[in-house]
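For the sequence shown, position 287 (counting from the first letter as 1) is numbered 274 according to the numbering used here, and the numbering increases by one without interruption.
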Amino acid sequence: MLRFRQLLSVTAAALLIVTAGTAQAEWPEKPIKLIVPFKAGGSSDQMGRVVQAGIKESEALSQPVTIVNVGGHYSIGARRVMEAKPDGYNFLLIHLALMGGQGSGALDFGWKDFAPVASVGEFCLMPMVRKDSGIDSLEQLLTQAKDKPDSLIFGANLGAINHMGGLMLQETTPGAKFRFVQIGGGTANYTALTGAQTAVTVLSGAEVTKFTLLPDGSENPDSQIKPLAYTGSERFSGLPDIATTQELGYDVNFCIKSWFFAPKDTPQEAMDGFAAAIEKATQTDTYQDYLIKNGFANGIVTGDEMLEELQATWDRIEPIAKLAAQK
């Protein structure tokens, strides 16, 4: 009997240790997957990688963040996260395209089908043409779109920010009409524009910096494209000679934040943990230097404040997205 009681005590103690170890296990226990639903090189990819670098630099997480680029229409990668197991190891980095796609009917789901984690890094856009296009100003571009409707092929991701940005420009000039075609995100549109498959597109300040400037900030003599304006309220720091659309007399102000989402029902511990890691990343020199160089706004929004921001953005963008459905 004594031997039996000793055995029970040892077994109970072992179970207690195992149970305590399980209870103390904390997220993350394995690598975290961050899906960027665009090809490598675009604004979202750049933002994802600088946040990834900031998390590593700050040692904010005990496990690495792995970025997975999903090319094609952004709906493919977004849906992959929406339908992923809500285990705290699947996240999405996207922007206003999610709302544009929903409002235009390009998507049968939207931002409310995800759990919001954090909002960072606002950026603005630049209408771009080839240097050999013969178009040297935004006025010339819109005049040609008015005098010869549908003659200018506008590269876009239909329903996404470059599509809506083009529509905003088009609507400033009665009678103007671009011919919007499905190309993709920033990298794909840069390739299409330089390859003369399209005549015009819009790119973010970060993309323009990457595609037109050398590392020292000087102009790349091999660049084949040029910006015509900037849709921010102030001039882009990377190219200060480019006037804003409002300076040029066009009532267009179009800037976009990067949003981190998780699948619905993701454990709060994981969402809070990833949000805290992103916030630490935004405080690193790597991240801050990137913002300054590429004209991104600073700051991070999480929790209820992010929900309010998302709702306000949806109220503002839904009418434009519906217009995109008609074009």
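In this text, a Cβ means the ideal position worked out from N, Cα and C, and glycines have one as well.
According to DSSP, is residue i helix, strand or coil?
i: residue 306; result: helix
i: residue 126; result: helix
i: residue -3; result: Because the pLDDT of residue -3 is 48, which lies under 50, any placement of that residue in the model is unreliable, and the number read from its coordinates should be weighed accordingly. DSSP places residue -3 in helix when its eight states are reduced to three.
i: residue 169; result: strand
i: residue 285; result: coil
i: residue 80; result: strand
i: residue 96; result: coil
i: residue 160; result: coil
i: residue 53; result: strand
i: residue 90; result: helix
i: residue 312; result: helix
i: residue 292; result: helix
i: residue 152; result: helix
i: residue 142; result: strand
i: residue 251; result: coil
i: residue -9; result: For residue -9, the pLDDT reaches just 46, beneath the cut-off of 50, and the residue's location in the model is therefore unreliable, although a value from the coordinates is still provided. Helix at residue -9.
i: residue 299; result: helix
Here's a check: name, in chain order, each residue in its chain whose Cβ is nearer than 6 Å to the Cβ of residue i, leaving out the five neighbours to either side.
i: residue 28; result: 174
i: residue 51; result: 18
i: residue 41; result: 268, 271, 273 and 274
i: residue 264; result: 42, 47 and 48
i: residue 73; result: 250, 252 and 253
i: residue 122; result: 116 and 128
i: residue 266; result: 287
Between which residues of its own chain and residue i is the CB-CB distance below 8 Å, once the five residues before and five after are set aside?
i: residue 258; result: 75, 102, 104 and 249
i: residue 278; result: 108, 284 and 285
i: residue 118; result: 210, 211, 212 and 213
i: residue 221; result: 231
i: residue 132; result: 138, 139, 157, 160, 163, 164 and 165
i: residue 299; result: none
i: residue 62; result: 24, 88, 93 and 94
Let me check understanding here. Comparing Cα to Cα, which of the options lies closest to residue i?
i: residue 211; options: 58, 307 and 197; result: 197
i: residue 22; options: 33, 149 and 67; result: 67
i: residue 189; options: 219, 13, 143 and 63; result: 143
i: residue 34; options: 234, 243 and 184; result: 243
i: residue 112; options: 312, 293, 282 and 168; result: 282
i: residue 193; options: 131, 215, 179 and 223; result: 223
i: residue 60; options: 77, 164, 81 and 309; result: 81
i: residue 234; options: 171, 241, 218 and 225; result: 218
i: residue 55; options: 86, 306 and 36; result: 36
i: residue 260; options: 70, 78, 62 and 44; result: 78
i: residue 312; options: 171, 145, 123 and 292; result: 145
i: residue 38; options: 309, 310, 276 and 176; result: 276
i: residue 156; options: 134, 125 and 170; result: 125
i: residue 30; options: 303, 179, 296 and 172; result: 172
i: residue 91; options: 20, 24, 32 and 154; result: 154
i: residue 303; options: 86, 62, 147 and 26; result: 86
Do you know offhand how far residue i's Cα is from residue j's?
i: residue 254; j: residue 262; result: 13 Å
i: residue 239; j: residue 247; result: 26 Å
i: residue 181; j: residue 187; result: 10 Å
i: residue 8; j: residue 15; result: Confidence in residue 8 is poor, its pLDDT being 43 and thus under 50, which makes the residue's placement too unreliable to answer from.
i: residue 301; j: residue 64; result: 21 Å
i: residue 93; j: residue 208; result: 39 Å
i: residue 100; j: residue 89; result: 11 Å
i: residue 141; j: residue 170; result: 9 Å
i: residue 241; j: residue 307; result: 11 Å
i: residue 291; j: residue 106; result: 12 Å
i: residue 177; j: residue 13; result: 43 Å
i: residue 293; j: residue 184; result: 39 Å
i: residue 149; j: residue 84; result: 9 Å
i: residue 245; j: residue 135; result: 35 Å
i: residue 130; j: residue 215; result: 14 Å
i: residue 225; j: residue 202; result: 11 Å
i: residue 45; j: residue 195; result: 28 Å
i: residue 147; j: residue 305; result: 12 Å
i: residue 114; j: residue 152; result: 8 Å
Please go through the same chain and pick out, in chain order, the residues whose beta-carbon is closer than 7 Å to the beta-carbon of residue i, but skip the five residues on each side of it.
i: residue 199; result: 206, 207, 210 and 212
i: residue 137; result: 164 and 166
i: residue 69; result: 96, 100, 101 and 250
Could you tell me which uninterrupted beta strand (DSSP E) segments, each at least 3 residues in length, are contained entirely in the region 183 to 240, listed from first to last along the chain? Restricted to the region 183 to 240, the beta strand (DSSP E) segments that are unbroken, complete and at least 3 residues in length are 188 to 191 and 212 to 214, listed in chain order.
Hey, which unbroken runs of the alpha helix (DSSP H) at 4 residues or more fall wholly within the region 5 to 48? Within the region 5 to 48, the complete alpha helix (DSSP H) runs of at least 4 residues are 30 to 45.
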